[in-house]
Each structure stands twice: as structure tokens, then as C-alpha cells.
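Comments concern the structure below.
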Amino acid sequence: HQNHYVLSFAFGFDREEDVYQFAFSYPYSYSRCQAHLELLERRQMPHFKRELLTNTV
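Sequential numbering of the sequence shown, starting at 0, is according to the working numbering.
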């Protein structure tokens, strides 16, 4: 794959009656996520609330 990263995994479909779904997303950095959340917070939309869940030590 030359200079590209490859992600692969194996999955066993062990129950025929179950529904399986997979999702994919492009890499999203923590700083980009924080910037987006700050933008949403500044808009003061009624359906958006952001709270601190916990602190690290």
C-alpha cells in the first residue's frame, strides 16, 4: 500500500436473524472537535448543551 495506512478487521456473522451495521468516519482530531463544540456553544441553540463530565488527575 506504499505510503498509506490500512485498517482491516475480521467480523463473524454468527446469528443470521440479527442486523449488523458498520460505520466509517474520517479522522477527526480532538482540537478540531473542541473548536466545533465551541462554535455550537456560541450559537446558544436551545437543543445543544455542553457540560464537563469529569476531570483527569
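Glycine residues also receive a C-beta, built at the ideal position from the N, C-alpha and C atoms.
Short of 6 Å from the beta carbon of Ala22, and not among the five residues preceding or following it, lies no beta carbon of its own chain. Contact check for Tyr19 and Phe12: beta-carbon distance about 6 Å, within the 8 Å limit, so the pair qualifies.
Spatial neighbours of Leu39 in its own chain (CB-CB distance under 8 Å, excluding positions within 5 residues in sequence) are listed in chain order as Phe47, Arg49. Under the three-state reduction of DSSP, Ser28 is assigned to coil, being neither helix nor strand.
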